[in-house]
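Just below is one structure, and these are the notes that go with it.
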Amino acid sequence: MAKQYYESKTYDHVLRVAGYVAENPMIPDDKMDNCVALAIMHDLIEDTEYTGGCFGAEYKHFEECLNLLTKSKNTNYIEYVKKIRDYSDTRPEVYWVKLADMKDHLTQTETLTDKLKEKYLAALPYLL
1 MAKQYYESKT
11 YDHVLRVAGY
21 VAENPMIPDD
31 KMDNCVALAI
41 MHDLIEDTEY
51 TGGCFGAEYK
61 HFEECLNLLT
71 KSKNTNYIEY
81 VKKIRDYSDT
91 RPEVYWVKLA
101 DMKDHLTQTE
111 TLTDKLKEKY
121 LAALPYLL
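The opening residue of the sequence shown carries number 1 in UniProt numbering; numbering runs sequentially from there.
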């Protein structure tokens, strides 16, 4: 589903994030599949025309995680990251995916501007 919504560069990004998630030894086996799926879908609401709401009741937890990963335009990035941290006990999938997302952004040197680097490095301590 994700590939039909994402532009090529964003799709490549979410696949890299999913790869980082899959390599994370801290994620329990029983949460890994959902974490990888969430990593692939983490930018859907924020960066595409996808509006959400297509998940059934059995996927309520997953949709809540996806919504937590979506930063609204009027939300300060630090406040957004603090919210993710605050949910790390009840929605750890969001925490793990966000760390992988930040790792990918910080390692993509060809697209990492000084402004983006500053944004991610300023927010990282709130998750660590």
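All residues carry an ideal CB built from backbone N, CA and C; glycine is no exception.
Is the region 19-37 close to the region 96-106, with three or more CB pairs under 8 Å? yes
So Leu127 and Val81 are supposed to be a Cβ contact under 8 Å. How far apart are they, rounded? 6 Å
Below 7 Å CB to CB, which residues in the same chain sit around Ala39 once its five sequence neighbours on both sides are set aside? Val14, Val17, Ala18, Val21, Val97, Ala100
Ile84 and Val94 look like a contact to me (Cβ under 8 Å); what is the Cβ gap, rounded to whole Å? 5 Å
For His42, count neighbouring Cβ atoms within 10 angstroms of its own Cβ and tell me buried if that reaches 16, exposed if not. buried
Beta carbon of Thr10 nearer than 7 Å to that of Glu46: no
Leu99 in three-state terms, based on DSSP: helix
Can we count His105 as close to the ligand NAP, meaning its CB is less than 6 Å from some heavy atom? For the ligand NAP, the structure offers nothing, since it holds no ligand at all.
Residue ranges of each alpha helix (DSSP H) within the UniProt domain "HD" (10-83), 4 or longer: 29-41, 44-47, 60-69
For Tyr120, I'd like the list of residues in its chain whose CB is within less than 8 Å of its CB, leaving aside the five on either flank, ordered along the chain. Met102, His105, Leu106
Cutting at 7 Å between CB atoms, please list the residues of its own chain near Cys35, excluding the five before and the five after it. Val21, Ile27, Glu93, Trp96, Val97
In angstroms, rounded to a whole number, what distance separates the CA positions of Leu124 and Asn76? 14 Å
Are the beta-carbon atoms of Leu66 and Tyr87 separated by less than 7 Å? no
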